[in-house]
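From first to last, the protein sequence lines are chains A and B. Residue numbers are given in my numbering: position 70 of the first sequence equals residue 70, and the series is strictly consecutive. Just add 1000 to wherever you are in the second sequence, counting from 1, and you've got my numbering. C-beta atoms are modelled at their ideal positions from N, C-alpha and C, and glycine is treated no differently. Being a predicted model, the structure only gives us computed values, none of them experimental.
Protein chains: 2
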Amino acid sequence: MVSTPPAAVSAAAASAAGRRDSHSVESLLSVAVEVFNVRGYDGTSMEDLAKAAGITKSSIYHHVSGKEELLRLSVTRALDGLFAILDEPGAREGRAADRLEYVVRRTCLELVGNLPHVTLLLRVRGNTAAERDALDRRRDFDHRVAALAAAAIDEGDLRAGLDPRLTARLIFGMVNSISEWYRPGGRGAEKEAGELADALTALVFDGLRNRA
Amino acid sequence: MVSTPPAAVSAAAASAAGRRDSHSVESLLSVAVEVFNVRGYDGTSMEDLAKAAGITKSSIYHHVSGKEELLRLSVTRALDGLFAILDEPGAREGRAADRLEYVVRRTCLELVGNLPHVTLLLRVRGNTAAERDALDRRRDFDHRVAALAAAAIDEGDLRAGLDPRLTARLIFGMVNSISEWYRPGGRGAEKEAGELADALTALVFDGLRNRA
DNA sequence: GTCTATACCGTGATAGAC
DNA sequence: GTCTATCACGGTATAGAC
């Protein structure tokens, strides 16, 4: 690769000069996920990770078995967060349309609140075992949401004639796309995320058109 | 990488046995884009491309200067197709809301009709010069669509209070997500694409909710 | 337009001292 | 928990014959 870094990935830029940072699996993971999200998983070398973490390549192997374990840890975390939403009361009780709306809203918030891991998950392509496992679980999630959409159409709250599978795909295509541009805005980020979720939910359920 | 191929990428599987396929830049490009889209650009080696094309690595350099040129050719093609939409009469004449709807619909069709190149474009991360140039042009496209959304709100056809930039991002997040699951269905694909574009446009402008 | 052969470097990973 | 040193391998790319 002829790569010139997009924006000089030095997550631990501050400590870059010092070297010899002390790391746990946790701190290493958060550094790695940042770099993966800038460079892409395949585009990231152990050397890149080492530089960003402020240690040497070899030191990384003291914490994890290799690059793929870092990926697995990250996407597992993302998926656990998403599946947890489906077990919340708001996703299990009431009319299907309301449950669907709840899941859409909560998924937005979860994506924003867990942005690095979810972003990485959404970019996984299936080249390694860890990636394929993640894709399987994602498919699972999609199916459960499509079932929710189907129920909402049956109950008459969503327009008849909608294709539930397609509808679920389009909704979550929109939700997931947030990861491509959203950057947390420091304080007020929570309110910001709520407004984003509101805007998206309104668009999906009521559309853009003015009915005045 | 511990990679086991996801689905044995042999675009030219038929000719795999024979070897010594004859290639032009064009035929090589179409093979390369297929492989890039399965393996990811960074995850694809020249060896992968050579196998899929049925020639050796060295032969590829007879046609192009290297991997990055194949990427540049592909994303340029994708971007040219998208920008051409903005110059069509339907995108330039009439009320802004109608022009926006036209662009959304046409973008869906263009994405489906030019799927491999557009898919690759949407996955580009900015690691190389070719990728950064592509990202710049994408941003340009987004701005022009956001301006269209702003005009449509001003004219009163879209709900007041919408954020034009956010609206444009969400719409095209949904449109672009089609590339993650859509696979052309042989004959009838044109009708299929039209229905997909209709469904998406209806969702965006009128929402899912049943108003009966 | 393809091939074989090869240069050269970056890669993921390991061994073992401190 | 970090380091230096080292390894085998696979990566892009080139030279030159057919």
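So, at 7 angstroms on beta carbons, what are the nonlocal neighbours of A/A12 in its own chain, with the 5 sequence-adjacent residues on each side left out? Here the model assigns A/A12 a pLDDT of 43, short of 50, so the residue's position is not dependable and the matter cannot be decided.
Starting from A/E47, trace the alpha helix (DSSP H) both ways and give me its first and last residue. Per DSSP, A/E47 belongs to the alpha helix (DSSP H) from 46-53.
Going by the CB atoms, is the gap between A/R138 and A/L79 shorter than 9 angstroms? yes
Run through chain B and tell me which residues come within less than 8 angstroms of A/S177, C-beta to C-beta. Near A/S177 (Cβ distances below 8 angstroms), the residues of chain B are R1169, L1170, F1172, G1173, M1174, N1176, S1177.
Step through the CB atoms of chain A and report whether any lies within less than 9 angstroms of the CB of B/R1144. Using beta-carbon distances, B/R1144 does not count as an interface residue toward chain A, since no partner is under 9 angstroms.
Tell me whether the beta-carbon of A/D142 lies closer than 9 angstroms to the beta-carbon of A/A96. With respect to A/A96, A/D142 sits apart: the two C-beta atoms are not nearer than 9 angstroms.
Three-pair Cβ contact test at 8 angstroms for the stretch 1184-1204 of chain B versus the stretch 1106-1119 of chain B: yes
Residues of the stretch 23-37 of chain A whose Cβ lies closer than 7 angstroms to any Cβ of chain B, in chain order: none
Nonlocal neighbours in the same chain, by C-beta distance under 7 angstroms from A/K85, ignoring five residues either side: As written in the sequence, residue 85 of chain A is Ile, which differs from the Lys given in the question. Counting only Cβ-Cβ distances below 7 angstroms, and skipping sequence neighbours, we find A91, V103, R106, T107, E110.
Excluding five sequence neighbours on each side, which residues of the same chain lie with their C-beta closer than 6 angstroms to the C-beta of A/E192? G185
Short check: CB of A/L203 to CB of A/V145, under 9 angstroms? No, the Cβ-Cβ distance between A/L203 and A/V145 is not below 9 angstroms.
Rounded straight-line distance, which links the Cα of A/V175 to that of B/G1213: Residue numbering for chain B in the displayed model covers 1001 to 1212; residue 1213 of chain B lies beyond these limits and cannot be assessed.
Is the beta carbon of B/H1027 less than 9 angstroms from the beta carbon of B/T1119? With the sequence shown as reference, residue 1027 of chain B is identified as Ser, and His is not the correct amino acid for it. No, Cβ-Cβ distance for B/S1027 and B/T1119 is not below 9 angstroms.
Starting from the beta carbon of A/N210, find every residue of chain B whose beta carbon is closer than 8 angstroms, and list them in chain order. G1156, D1157, L1158, R1159, A1160
Give me the chain B residues within the contact set of A/L166, using Cβ-Cβ distance strictly less than 8 angstroms, ordered along the chain. L1196, A1199
Residues of chain B with CB under 8 angstroms from A/D133, in chain order? The contacting residues do not exist; A/D133 stays about 13 angstroms from chain B at best.
Beta-carbon separation of A/N42 and B/D1163 under 9 angstroms? According to the sequence as given, residue 42 of chain A is Asp; it is not Asn. Not in contact: A/D42 and B/D1163 (Cβ atoms no closer than 9 angstroms).
Given this structure, state the Cα-to-Cα distance separating B/R1209 from A/R209, to the nearest angstrom. 13 angstroms
Looking at the C-beta of A/A193, does it have a partner C-beta in chain B at a distance below 9 angstroms? no
Within chain B, the residues that A/G207 reaches when beta carbons sit closer than 7 angstroms: V1204, F1205, D1206, G1207
Which complete alpha helix (DSSP H) runs does the stretch 56-85 of chain A hold, if anything under 4 residues is left out? 57-63
Using only the alpha-carbon positions, how far apart do B/R1089 and B/F1083 sit? The residue asked about is misnamed: residue 1089 of chain B is Pro in this sequence, not Arg. Approximately 13 angstroms, taken between the alpha carbons.
Are B/L1071 and B/E1131 closer than 9 angstroms when you measure CB to CB? yes
Let me know if A/H62 comes out buried or exposed under the rule of 16 or more other beta-carbons within 10 Å of its beta-carbon. exposed
Beta-carbon spacing of B/R1125, A/R211 below 9 angstroms: no
Can you grab the Cα-Cα spacing for the pair B/S1059 / B/H1023, in whole Å? 9 angstroms
Residue ranges of each alpha helix (DSSP H) within the stretch 80-163 of chain A, 4 or longer: 96-113, 115-123, 129-154
Between the alpha carbons of A/E93 and A/E155, how many angstroms are there, rounded? 14 angstroms
Hey, is A/R20's beta-carbon within less than 9 angstroms of any beta-carbon in chain B? No, because no Cβ of chain B sits closer than 9 angstroms to the Cβ of A/R20.
Tell me which residues share the same chain as A/P6 and place their Cβ nearer than 7 angstroms to its Cβ, disregarding the 5 neighbours each side in the sequence. At A/P6 the pLDDT is 46, less than 50, meaning the model places this residue with poor confidence and gives no usable figure here.
Rounded separation between A/H117 and B/A1189 - CA only: 36 angstroms
What does the alpha-carbon distance come out to for the pair B/A1050 and B/K1057? 5 angstroms
How many Å lie between B/L1166 and A/T128 at the Cα? 35 angstroms
What are the residues of the stretch 101-120 of chain A that lie near chain B, defined by any Cβ-Cβ distance shorter than 7 angstroms? none
Once the 5 residues before and after A/L135 are set aside, which same chain residues still bring their CB inside 7 angstroms of it? V124, G126
Using a cut-off of 8 angstroms between C-beta atoms, extract the partners of A/E47 located in chain B. Chain B residues near A/E47: none, gap ~15 angstroms exceeds 8 angstroms.
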